[in-house]
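Chains as they are written, first to last, in the numbering used here: chain A, 1 to 485; chain B, 1001 to 1485.
Cβ coordinates follow ideal geometry from the N, Cα and C atoms, glycine included.
Worksheet: one structure, shown below.
2 protein chains.
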Amino acid sequence: MEIVDEALNKAQVAFLSYKNFSGKKKATFLRAIADEIEASGKELVATAMRETNLPEARIINERGRTTGHCRMFADLVEEGSWVDARVDTALPDRLPAPKPDLRKKLVPVGPVVVFGAANFPLAYSTAGGDTVSALAAGCPVIVKAHPAHLETSTLVAAAIKKAVTKTGMPQDVFQHVQGEGFQIGQALVKHPFTKAVGFTGSLSGGKALFDLANQRPEPIPVFAEMSSINPVILLPETLARDAPKTAIMLAGSITLGVGQFCTNPGLIIAIDNEGLKSFISALANEIQKVVPGAMLHQGIAENYARRLTLTLAQKGVKVEAQSATQGNSTQGTALIASVAAETFIQNPALAEEVFGPFSLIVKCKDINELHAVVVKGHGQLTSTVVGDEAEIASYKALLNVLIEKAGRLIINGVPTGVEVCPSQMHGGPFPSTTDSRFTAVGADAIKRFARPVAFQNFPESLLPDELKTENPLGIWRMVNGELKK
Amino acid sequence: MEIVDEALNKAQVAFLSYKNFSGKKKATFLRAIADEIEASGKELVATAMRETNLPEARIINERGRTTGHCRMFADLVEEGSWVDARVDTALPDRLPAPKPDLRKKLVPVGPVVVFGAANFPLAYSTAGGDTVSALAAGCPVIVKAHPAHLETSTLVAAAIKKAVTKTGMPQDVFQHVQGEGFQIGQALVKHPFTKAVGFTGSLSGGKALFDLANQRPEPIPVFAEMSSINPVILLPETLARDAPKTAIMLAGSITLGVGQFCTNPGLIIAIDNEGLKSFISALANEIQKVVPGAMLHQGIAENYARRLTLTLAQKGVKVEAQSATQGNSTQGTALIASVAAETFIQNPALAEEVFGPFSLIVKCKDINELHAVVVKGHGQLTSTVVGDEAEIASYKALLNVLIEKAGRLIINGVPTGVEVCPSQMHGGPFPSTTDSRFTAVGADAIKRFARPVAFQNFPESLLPDELKTENPLGIWRMVNGELKK
């Protein structure tokens, strides 16, 4: 495909210079992206609102998150220690063999292709965490614009291109391509110059790209964030005491943003007793009050309705409550249902994601059955436990399994809300992502687009600055086994 | 397959306790493995010599490397900072939204299957770097014994099992399975409890396991170290001066251990001039003197003969020299050949690995053609440049491309000899390995078998020790953005 070949050839040329830019220089660029996005002002906000049906406050908040991660990655690469530098100096007289001088640091992998998310037109799209962390690492980026918010994407791309020009970056360090259908996306992933892929979206879409990338003559990594139902486990003693409070907290999380978050709590697991009854009753009360909101686009609304109908048609699933106001075909009606644990365990369809304001309550006969539900579970972005400290402490075996199933564990909170900070792990075992070893949010997201290279017996003048003996950049390094600046 | 299902079920049970063992406790175990391997004494050395045809000094050296990495990983996990701990404390009053308490560290991935290497019966096999780094991370290991050195593998497995008993580890934290053919290996990789695979061997073998692992319902990572021809670039000015010295250095590396190293220099690239002529003449002189040695086993000797014949039959390939003494069918005859760069670039078969004491010299018309050969090259474990500082400095564009092609760059040295230290990167772009982001040798090899998990809003009592506020283990952590102990 000519357009793709041209884009990747340009990206590769840009890569061969951009990869050698200092952290300071890249930081200027990333900060300029933030500035230009802010300078896009009301037009960007209005366009994103129109294309996604998301309210102004949310778009403004998302814009802040986007400019925030641009500046965070700018700080990270300017400081410079992210390259994991290691220096082991030579021991020429060592016996039986001399030890060579060996030093190592991370280097960028090469051109990266990014597919933005429908549900985050700014923070996970054109200047989203994938794009900005790849640029920070030193990789050129080609964004395949999401067709659901093409104008927003084009505005953000224009802002990035202004930043490219203003800060003297290679012109093709960022490219924006459009096109309906899968062909362009597939060609981008298959091109030999593409070295990694970022994707946020459906399980089928992410898995298809993952398979395509692995079938290349040279397989490349795909970081796809895909499908997660984010189980919430309610411990019985605490629930007996706090059912209404817990219900209010969870109702807010289930219906936030019309349930269109990858961290939406789609599964609630609890022991079936009086506490659960009063919880369901309180949750039902909250859900009924929810006024259906417009979903991101028609396709997502249709998909939600279809998946919901499918789920509710499964044997043993009982609707517990829904929005009192019936939504139209573009809106998402909040709904909660319940099912017996035994039925849930037997029917894998019930563990599939229903993307929207829906949650399924799994009623367990006892702790053994609850444990069985958890053991049976897929990989998730998050798992949550609601219970007081003493009660959780008595469920150590449960926590011990839960940690195998998710990238982030939350106690007495909700999974929605993904803080951007070094401790964040937004990722998890398959099918929540295709690579549980990396996060899509927070400083460590940069590690997805870098690989280590060792330099043996290099004279000082040929070493990268990060590895020169006198440490001219003043970064943290492991020198002969000791971490120091 | 019953035997595999039983092994993985046992490994999973062992995992649920072993993963929570402290670094100190795991260190005792790893050191005991080293002690027990040493206690296996002469029997182990004699058995390995008999099964691999490797000389005593080499086996003793390899044993030292094996016990060395057991103790290195023991030190690493006892010290504890390898878990990359990050602590971000809560800001409950932050606006517009409170910041939660979030902490993160690496946790082990689960049971790991290891396929040992034919060419390293100790250091890359049963207690090799894959096994020991996985055990250090907290993962149970199932080793599929290499049929070429089954008795050696069984002796080492017995040593590990003694260490398991002596240090009170779960009995099934290490298992040793045998079996001819591919069936058992495939079943091990496909089992749902298997979470990662380590492999050292051929491209076809590694790629088959990689494909199998990616086709699982839950794909898992395969760390396969496969195929590398480790190009050596000889810069013209330096070569004109140092041809004989360079030839002696490279002859030693090409024929070391009958050429049976993954870092064997199989490709020499240089500009065709008088310097190269005198280099080839000096190298030919060295190669003729080499007495053919017994290869690891009959299959490897046959494969070397077959691949060599194939390569020499390619158009334009000229034999420059071979061992004056002709080897028998179990021995590897050292041989060097040459080809014009133009021909090399056009024929991908010439870039395939010939595992044994062979190297192909690629003669380039000029620096542009040399550059073209490098650009065209596959991923490699190593790339080497021979040239003095000033001359290399005038080839910056070449180095800029070279770094994209290998995990380790060497100046004025040989690629054979892989130092075990934090700076080591034994890995590289495909097809040298299946994952260029990780090393198989050195402390960072442990990262292959771990994934990050974030803990949000956890009370102190429920946090892992590495993440408790008072830092009871005294490890390096990033606390609110600052690296400290």
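Membership of B/L1310 in the alpha helix (DSSP H) is indicated by the continuous run 1298-1312. B/R1451 reaches chain A at S436, R437, counting residues in chain order whose Cβ is nearer than 7 Å. Buried is the label assigned to B/Q1175, since at least 16 other Cβ atoms lie within 10 Å of its Cβ. Looking at the DSSP output, B/Q1175 shares a beta bridge with B/I1142. Listed along the chain, the chain B residues whose CB falls inside 9 Å of the CB of A/K99 are E1419, C1421.
Non-local beta-carbon contacts of A/V420 in its own chain, meaning distances under 7 Å to residues more than five positions away in sequence, involve R65, G68, H69, M72, V441, G442 in chain order. Between the stretch 459-468 of chain A and the stretch 81-89 of chain A, the count of C-beta pairs closer than 8 Å reaches three or more; the two stretches touch. At a Cβ-Cβ threshold of 8 Å, B/Q1298 and B/T1330 count as neighbours. Closest in C-alpha terms to A/I446, from the list A/G110, A/M1, A/R94, comes A/G110. A direct Cα-to-Cα measurement between A/A390 and A/T311 gives close to 36 Å. With the criterion set as a beta carbon lying under 8 Å from some beta carbon of chain B, the members of the stretch 387-408 of chain A are E389, I392, A393, L399, N400, V401, I403, E404, A406, G407, R408, in sequence order. A distance below 7 Å between beta-carbons, with the five flanking residues on each side excluded, links A/L102 to the following residues of its chain, in chain order: D88, A454, Q456. Annotated three-state conformation of B/P1092 is coil, per DSSP.
Scanning B/N1412, B/A1148, B/F1223 for the CA closest to the CA of B/T1382 turns up B/N1412. In the three-state DSSP reduction, A/Q346 falls in the helix class (H, G or I). As the crow flies, the alpha-carbon of A/L463 is around 11 Å from that of B/I1410. Excluding the 5 residues flanking it on each side, A/V401 has same chain C-beta neighbours closer than 8 Å at H371, V374, V375, in chain order.
Spatial neighbours of B/E1078 in its own chain (CB-CB distance under 7 Å, excluding positions within 5 residues in sequence) are listed in chain order as G1023, K1024, A1027.
Secondary structure of A/F455 (DSSP, three-state): strand. If you draw a straight line from the Cα of B/R1408 to the Cα of A/E56, it comes to about 50 Å.
A/N347 has a beta carbon lying at 8 Å or more from every beta carbon in chain B. In this structure, the CA atom of B/A1196 is about 44 Å from the CA atom of B/A1284. Residue environment for B/E1286: buried (at least 16 other C-beta atoms within 10 angstroms of its C-beta). From the beta-carbon of A/D88, the residues of chain B found nearer than 7 Å are C1421, P1422, S1423. For the stretch 467-480 of chain A, the beta-carbon criterion of a distance under 8 Å to any beta-carbon of chain B is satisfied by W476, M478.
Non-local beta-carbon contacts of A/E369 in its own chain, meaning distances under 6 Å to residues more than five positions away in sequence, involve A341 in chain order. For the stretch 369-386 of chain A, the beta-carbon criterion of a distance under 9 Å to any beta-carbon of chain B is satisfied by H378, G379, T382, T384.
Annotated three-state conformation of B/V1083 is helix, per DSSP.
Non-local beta-carbon contacts of A/V156 in its own chain, meaning distances under 6 Å to residues more than five positions away in sequence, involve T126, A127 in chain order. A/G266 places its beta carbon 8 Å or farther from that of A/L308. Scanning chain A for C-beta atoms nearer than 7 Å to the C-beta of B/V1107 yields I403, reported in chain order.
B/A1134 sits close to B/V1141, with the two beta carbons spaced by under 8 Å.
For A/C421, the secondary structure class from DSSP, reduced to helix, strand or coil, is coil. Here A/G332 is near A/V258, since their CB atoms are less than 8 Å apart.
The distance from the Cβ of A/T52 to that of A/L296 is about 5 Å, consistent with a contact at the 8 Å cut-off.
Residue-level contact by beta carbon holds for B/L1016 and chain A, with a gap shorter than 8 Å.
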